[in-house]
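Sequence order for the protein chains is A and B.
Going by UniProt numbering, the first sequence opens with residue 1, and the numbers climb by one from there.
Going by UniProt numbering, the second sequence opens with residue 1, and the numbers climb by one from there.
Note that the Cβ used here is the ideal one computed from N, Cα and C, for glycine as well.
Source: prediction; values computed, not measured.
Encoded as structure tokens, the structure appears first; notes follow it.
Number of protein chains: 2
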Amino acid sequence: MKIDGIDKKIIRSLVKDARIPILTIAREVGISGAAIHQRLRKLEKAKLIHGYHMKINHSSIGYDTTSFVGIHLEPVAVLSSIIKRLKEIPEVLESHYTTGDYSIFIKIMCKNNQDLIRILETKIQQIKGVSKIETFISLEQQIDRQIHI
Amino acid sequence: MKIDGIDKKIIRSLVKDARIPILTIAREVGISGAAIHQRLRKLEKAKLIHGYHMKINHSSIGYDTTSFVGIHLEPVAVLSSIIKRLKEIPEVLESHYTTGDYSIFIKIMCKNNQDLIRILETKIQQIKGVSKIETFISLEQQIDRQIHI
DNA sequence: ATTGAAACTCACAAGGT
DNA sequence: ACCTTGTGAGTTTCAAT
């Protein structure tokens, strides 16, 4: 899959604002709307685009605590069944199988610190195979962006 | 700001697919397009919506290594100037000021492990005020989602 | 690959209930 | 808060280049 300068401009536009009209991109780039449309189909077909998503301001719906939790697993633990349990916890937004000190590393979003403690104690710690956890609460997020094309 | 069931349906639709036409949502919900349009304006005005973004399949553009890096700071370090330096590194996608072992916690996306090492050694470690870093490479991401409304 | 035209669909604003 | 309507704008397909 080759991506030229026009493709990059299309991608940059849509990364910034996924609801921008194709014709607006077309005018900025200087080719017809039909051409942009066709290129976009091509990019989607090549699976270069993962989707278009609205991002919610989580604090405006009462979710104010973002945290990262490193999870140590017991030697006998089965990863797939633990992931299945984690998926059932809606506050768990990301889960990574990692190198380093932990086996699983998750990003979790809770209403507040108390809510976080509740979820850690009554949900995460209860999962069979989880031995020790370590929590890092984000006091402030200064950077939030995508990889630049 | 009160959010009713219709608002939730609108939000869920757009979180899943930010380019879905308003009229399609209208037909699913069962009210007019103009009503959906008005509600959306209201939600945007209330800053409940952070934006609409296209998500790129990073591996299809050659970025295959996602990592988390815990950064220890020297006692004299100035946070704001370190963040400024981190912002200049395009591979740094998230930065959090955290409680726990580290002061700063970043998410970083690189082409491969060698690229990661290069960025850690020639960029992150070179920042004045950074003392020790600890790296967690994501071997697999099993969960990636937003908070559910 | 890109274009312009055609047919269709949508967004947005105004006025009414 | 919601609806209807109108119009300008956007989307999508397609034959032609």
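{"Query": "A/R48, DSSP secondary structure in three states", "Result": "The question names Arg, yet the displayed sequence has Leu at residue 48 of chain A. Note: A/L48 maps to coil in three-state DSSP."}
{"Query": "Contacting residues, own chain, Cβ-Cβ under 6 Å from B/D137 (five flanking each side not counted)", "Result": "It is worth fixing the name first, because residue 137 of chain B is Ile in this sequence and not Asp. Counting only Cβ-Cβ distances below 6 Å, and skipping sequence neighbours, we find S67."}
{"Query": "Members of the region 116-146 of chain B that neighbour chain A once the beta carbon cut-off is set at 9 Å", "Result": "E134, T135, F136, I137, S138, L139, E140, Q141, Q142, I143, D144, R145, Q146"}
{"Query": "A/V92: contacting residues in chain B (beta-carbon distance under 7 Å)", "Result": "I143"}
{"Query": "C-beta neighbour in chain A for B/S81, strict 8 Å", "Result": "no"}
{"Query": "In DSSP terms, what B/E88 is bridged to", "Result": "None, per the DSSP bridge assignment."}
{"Query": "Local conformation of B/S13 per DSSP, three classes", "Result": "helix"}
{"Query": "Segment contact, 8 Å Cβ cut-off, at least three pairs: the region 66-82 of chain B with the region 27-42 of chain B", "Result": "no"}
{"Query": "Within 8 Å of chain B by C-beta, residues of the UniProt domain \"HTH asnC-type\" (3-64) of chain A in sequence order", "Result": "I3, I11, L14, V15, K16, D17, A18, R19, A46, K47, L48, I49, H50, G51, Y52, H53, M54, K55, I56, N57, H58, S60, I61, Y63"}
{"Query": "Outcome for A/T122 when other beta-carbon atoms lying within 10 angstroms are tallied against a minimum of 16", "Result": "exposed"}
{"Query": "Bridge-paired residues (DSSP) for B/K55", "Result": "A/G51"}
{"Query": "Any C-beta of chain B under 8 Å from that of A/K111", "Result": "no"}
{"Query": "Length of the line joining the Cα atoms of B/R12 and B/G129", "Result": "43 Å"}
{"Query": "Three CB pairs or more closer than 8 Å across the region 106-121 of chain A and the region 55-67 of chain A", "Result": "yes"}
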